[in-house]
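Taken in order, these protein sequences are the chains called G and X. At position 19 of the first sequence the residue is numbered 19 (the UniProt record's numbering), and the sequence of numbers has no breaks. At position 26 of the second sequence the residue is numbered 26 (the UniProt record's numbering), and the sequence of numbers has no breaks.
2 protein chains.
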Amino acid sequence: MRSGEATKEKIKRAALELFVQKGVDAGGMRDIATASNITEGAIYRHFKGKDDLIWQLFADNFSGFATTLNDLQNEQNTLAGKIDAMVRGFCRFYDDDETLFRFLLLVQHGQLAKVSEDMQNPIDIVQGVLQGGIEAGEIGGASAQEATAWLFGIVLQTATFHIYGRLSGPMTKRADALSQACLAVLALPADR
Amino acid sequence: MRSGEATKEKIKRAALELFVQKGVDAGGMRDIATASNITEGAIYRHFKGKDDLIWQLFADNFSGFATTLNDLQNEQNTLAGKIDAMVRGFCRFYDDDETLFRFLLLVQHGQLAKVSEDMQNPIDIVQGVLQGGIEAGEIGGASAQEATAWLFGIVLQTATFHIYGRLSGPMTKRADALSQACLAVLALPADR
DNA sequence: TCGCCATAAGTAAACACTCGATTACATTAT
DNA sequence: ATAATGTAATCGAGTGTTTACTTATGGCGA
């Protein structure tokens with residue numbers, strides 16, 4: 001056989017870049033095939049169809065990032081530390097693989113419905129941390145869901161502004177400011 | 001003629017609801033025609049094509065909302081007052097016409113590139129207000145672009161959580177909390 | 001070590017279908 | 001009468017997917 005897993009990765013990469021560049025609907029199987037130096041039919045040796053390709057691309061990385069986020073959070077023992085670590089995780093992810101980050105942002109609305117309860121999910125990770133903060137009495141006023149929305153909004157909209165050229169430079173350089181903004185919104189003192 | 005402008009509105013409404021429900025690409029001209037009790041060909045009497053229909057739907061409401069936002073901001077003379085008024089404007093918009101709100105959120109990424117410099121734009125309105133605050137020395141630390149991203153993130157992600165069922169009830173009821181969050185993130189005292 | 005072969009991997013062409021758009025024609029209101 | 005609306009059928013292009021076929025490779029018996 002000729003390099004099974006290798007071409008599968010080649011297809012995934014090509015699809016990723018095509019979807020981000022032209023949109024998921026506009027990026028067709030023909031384009032993906034051409035970009036991967038492969039024929040259309042061969043793609044179907046590795047994926048059941050376009051939906052499956054998109055889903056694998058999304059689900060693996062989505063839950064993978066959730067795991068990363070959870071590990072980062074676990075290494076810290078203060079609430080502010082956990083938040084800071086997660087924010088930094090987002091920034092690093094963006095800088096490491098902007099295409100992948102953009103893809104997840106792009107297709108999340110279409111795929112989020114298919115996410116099962118038990119699948120690791122970045123939103124639930126963050127919400128869990130904030131829930132802990134509330135139960136410990138460290139966060140006043142806001143509910144965990146509300147607070148999660150705020151933190152996600154601050155970080156993701158900043159990333160979105162980067163994507164559309166309203167902000168420039170690496171996201172990592174903004175991590176400090178973003179962390180502070182997140183703590184401020186929760187009325188938490190920056191403890192570091 | 002049989003009711004020119006009326007059917008045009010009928011088409012726009014039907015398209016809006018279809019796009020929000022099924023996505024812009026999945027919502028076809030045939031479906032729009034059926035939902036408007038009209039034939040496909042008739043749609044082309046009112047719109048040059050699908051792109052034009054989407055663009056009219058987007059541009060009119062996008063710049064329309066920008067104008068609303070600007071008026072709201074103009075009626076206030078403190079920075080905190082302006083921010084609060086705009087946040088409230090967002091919430092009211094969401095509650096008044098959730099479908100339209102969702103549509104703008106849905107298609108913005110595809111349409112934003114076509115927005116010309118001189119077209120009224122909600123982002124620039126907010127950014128203008130924050131720029132004023134920075135020049136007056138009321139906001140420290142953050143740039144106008146950064147701060148705009150944060151405020152948009154807080155409000156829009158909260159709306160997104162509503163859309164996906166993570167938060168419920170009217171957005172207007174959250175206006176106070178959102179305003180406070182926005183002021184906190186800018187390190188501004190709530191003056192009202 | 002050699003040759004065979006099951007099987008994984010890839011090809012090229014066609015499939016059935018949907019899409020947005022256009023056309024020639026009919027209806028309606030001024 | 002005439003311009004604005006609306007209809008029904010059709011067009012060509014493009015879609016994801018399937019098919020029948022070909023090629024390469026790792027393992028296994030002789």
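All C-beta atoms, glycine included, are put in the ideal place defined by N, C-alpha and C. Source: prediction; values computed, not measured.
- By the Cβ criterion, the region 110-120 of chain X is in contact with the region 62-70 of chain X, since at least three pairs of Cβ atoms, one from each stretch, lie closer than 8 angstroms.
- Residue 38(X) carries a coil assignment under DSSP once its states are collapsed to helix, strand and coil.
- Positions of the alpha helix (DSSP H) runs, each at least 4 residues long and wholly inside the region 38-119 of chain X, are given as 40-46, 50-74, 79-96, 98-111 in order along the chain.
- Cβ-Cβ distances below 8 angstroms link residue 63(G) to 119, 120, 121 in the same chain, with the five nearest sequence neighbours on each side left out; the list follows chain order.
- Residue range 175-185 is occupied by the alpha helix (DSSP H) that includes residue 183(G).
- CA-CA distance, residue 42(G) to residue 16(G), rounds to 17 angstroms.
- Annotated three-state conformation of residue 167(X) is coil, per DSSP.
- For residue 55(G), no chain X residue has a C-beta closer than 7 angstroms to its own C-beta; the minimum C-beta separation is roughly 16 angstroms.
- Between residue 94(X) and chain G, the shortest Cβ-Cβ separation is not below 8 angstroms.
- Residue nearest to residue 77(G) within the set 9(G), 56(G), 136(G) is 136(G) (criterion: CA-CA distance).
- Rounded to the nearest angstrom, the gap between the Cα atoms of residue 4(G) and residue 57(G) is 17 angstroms.
- Sequence-distant Cβ neighbours of residue 150(X) in its own chain, meaning closer than 6 angstroms and more than five residues away, are 185.
- For the region 149-167 of chain X, the set of positions with a beta-carbon nearer than 8 angstroms to some beta-carbon of chain G reads 149, 150, 152, 153, 154, 155, 156, 157, 158, 160, 161, 164, 166, 167 in chain order.
- Only those residues of the region 114-138 of chain G whose C-beta falls short of 7 angstroms from the nearest C-beta of chain X would be listed, and there are none.
- In the structure shown, residue 128(G) falls within a helical segment according to DSSP collapsed to helix, strand and coil.
- Identification of residues in the UniProt domain "HTH tetR-type" (5-65) of chain G having a C-beta nearer than 9 angstroms to some C-beta of chain X yields 23, 24, 25, 26, given in sequence order.
- In this structure, the straight-line span from the alpha carbon of residue 145(X) to that of residue 93(X) is close to 23 angstroms.
- Residue 25(G) carries a coil assignment under DSSP once its states are collapsed to helix, strand and coil.
- Among the CB atoms of chain G, one or more fall inside 8 angstroms of the CB of residue 145(X).
- Residue burial annotation: residue 112(X) is exposed, with fewer than 16 other C-beta atoms found within 10 angstroms of its C-beta.
- For the region 100-113 of chain X, the beta-carbon criterion of a distance under 8 angstroms to any beta-carbon of chain G is satisfied by 106, 109, 110, 112.
- Neighbourhood of residue 185(X) in chain G, by CB distance below 8 angstroms: 154, 181, 184, 185, in chain order.
- In the structure shown, residue 136(X) falls within a coil segment according to DSSP collapsed to helix, strand and coil.
- A direct Cα-to-Cα measurement between residue 85(X) and residue 173(X) gives close to 14 angstroms.
- With respect to the 8 angstroms criterion, residue 102(X) and residue 20(X) are classified as neighbours on the basis of their beta carbons.
- Residue contact check for residue 85(X) against chain G: no CB pair falls below 8 angstroms.
- Counting only residues of its own chain and dropping the five nearest sequence neighbours on each side, residue 14(X) has a CB closer than 7 angstroms to the CB of 32, 35, 36.
- Listed along chain X, the residues sitting closer than 7 angstroms to residue 142(G) by beta-carbon distance are 177.
- Scanning its chain for C-beta atoms nearer than 8 angstroms, with the 5 sequence neighbours on each side dropped, one finds around residue 7(G) the residues 36, 38, 42, 46, in chain order.
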